[in-house]
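Enquirer: Before anything else, here's the structure in question.
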Amino acid sequence: MMHVFNGFFSTTFKWLFLILLYQGLASSEAQELSEKGAVKLATGEGYAPFVGENLLEGGWSVDVVKQTFKQLKLDMELEVVPWERALKWTQDKHVLAAFPFVYSEARAQQFLYSNPINYVPVHMYVAQNSDFLFIEQLKGKRLCFPFDYSIGAIEKIIIERFNMNVNRAKDGFACIQHVNKGWSDAGITNGYIDATRINAGSDEKEDSIRVFDELLGNIPLYLVISKQYPQGQKWIEEFNHGLKLLESSGKKSTIDKLHMQNL
Numbered sequence: 307m308m309h310v311f312n313g314f315f316s317t318t319f320k321w322l323f324l325i326l327l328y329q330g331l332a333s334s335e336a337q338e339l340s341e342k343g344a345v346k347l348a349t350g351e352g353y354a355p356f357v358g359e360n361l362l363e364g365g366w367s368v369d370v371v372k373q374t375f376k377q378l379k380l381d382m383e384l385e386v387v388p389w390e391r392a393l394k395w396t397q398d399k400h401v402l403a404a405f406p407f408v409y410s411e412a413r414a415q416q417f418l419y420s421n422p423i424n425y426v427p428v429h430m431y432v433a434q435n436s437d438f439l440f441i442e443q444l445k446g447k448r449l450c451f452p453f454d455y456s457i458g459a460i461e462k463i464i465i466e467r468f469n470m471n472v473n474r475a476k477d478g479f480a481c482i483q484h485v486n487k488g489w490s491d492a493g494i495t496n497g498y499i500d501a502t503r504i505n506a507g508s509d510e511k512e513d514s515i516r517v518f519d520e521l522l523g524n525i526p527l528y529l530v531i532s533k534q535y536p537q538g539q540k541w542i543e544e545f546n547h548g549l550k551l552l553e554s555s556g557k558k559s560t561i562d563k564l565h566m567q568n569l
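Each residue of the sequence shown is one higher than the one before, starting from 307 at the first, in my numbering.
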């Protein structure tokens, strides 16, 4: 009987030790991704065509990231929360990663960046009734830029090219109001969203902006992982490996074409 109890407690202790060890590693690379499992990620709300509950597969970026983890034999559990909370949860290791985010030097102090998962085409817009008929007329003028957007490399190139002064507003729609009220001369926008859809989402009663055709640059979007996450660098490397597999197989191209057709 004593032998049976000793065996029981020995087995129980082993399992308790393994459970505590696993929890302590915070679902990191402890199992070297050798077993099928799931990863928990976070994203924001309403960033078409990359993220959106009414979009195909939840959005272009969601589709790419989900299929990338499938290449690694991992399922993805996704939390859709406000953008700042997605970053906070990632920093606090509540989730493995968050996406899609642009690069910023300040953010790079705390987060690791994957290879690009998408690109945002950047275009300039003016008020519909503006006298600016050609984009070169905006040299030396005022550019509205949202407070919650960081000015990255592409934006700096645009600002320097046109020698523009930057005005800040609450968000993208506030910039549209800025431009229409004449407080700013122009704004920049995601080229995948046409002027009709932008106007529909603004508070203006009539079509209020005109988007120039010229492509000013493509801003990469990334998946980010906290530098404090256990073996975070290895997770980034594994994700990048999965993304390369997705690209080399032709599946990434198929995903891209599918979402482009649904713009």
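We put the beta carbon where it would ideally sit given N, CA and C, even for glycine.
Beta-carbon within less than 7 angstroms of Q534's beta-carbon, same chain only, minus the 5 sequence neighbours each way: which residues are those?
Expert: The residues are K399.
Enquirer: Have a look at Y455 and Y409 and give me their C-alpha separation to the nearest angstrom.
Expert: Between Y455 and Y409, the C-alpha separation is close to 11 angstroms.
Enquirer: Rounding to the nearest angstrom, what Cα-Cα distance links A348 and L402 in this structure?
Expert: Each residue's Cα considered, the two are about 8 angstroms apart.
Enquirer: According to DSSP, N471 sits in a beta bridge with which residue or residues?
Expert: Note: N471 sits in a beta bridge opposite R448.
Enquirer: Quick one: measure Cβ to Cβ for G446 and N469, integer angstroms, because I've assumed they're closer than 8 angstroms.
Expert: Confirmed, Cβ separation roughly 5 angstroms.
Enquirer: Who are the near neighbours of D519 in its chain, counting only those whose CB is closer than 8 angstroms to its CB and skipping five residues on each side?
Expert: Same-chain partners within the cutoff: H429.
Enquirer: Alpha carbon to alpha carbon, how far is I515 from M382? Give it in angstroms, no decimals.
Expert: Taking the straight line joining both Cα atoms gives about 38 angstroms.
Enquirer: Relative to the alpha-carbon of Q373, which residue among S555, N486 and M566 has its alpha-carbon at the smallest distance?
Expert: Of the listed residues, the one whose Cα sits closest to Q373 is S555.
Enquirer: Taking its Cβ as the centre, do 16 or more other Cβ atoms sit within 10 Å of N486, making it buried, or is it exposed?
Expert: It counts as buried.
Enquirer: How about K346 and E390: are their beta carbons less than 8 angstroms apart?
Expert: Contact: no.
Enquirer: Identify, in the order they occur along the chain, each residue of the same chain with its Cβ nearer than 6 angstroms to the Cβ of I465, setting aside the five sequence neighbours on each side.
Expert: Taken in chain order, the list of residues that qualify is empty.
Enquirer: How would you label Q567, buried or exposed, when you count the other beta carbons within 10 angstroms and need 16 or more for buried?
Expert: With fewer than 16 Cβ atoms within 10 Å of its Cβ, Q567 is classed as exposed.
Enquirer: Just to confirm my understanding: we take E411, look at its own chain, exclude 5 residues before and 5 after, and list those with CB closer than 7 angstroms. What are they?
Expert: So the list is empty, once near-sequence residues are dropped.
Enquirer: Under three-state DSSP, which class holds S532?
Expert: Of the three classes helix, strand and coil, the one that applies to S532 here is strand, per DSSP.
Enquirer: Tell me whether A403 sits in a helix, a strand or coil according to DSSP, three-state version.
Expert: In the structure shown, A403 sits in a strand (DSSP, three-state: E or B).
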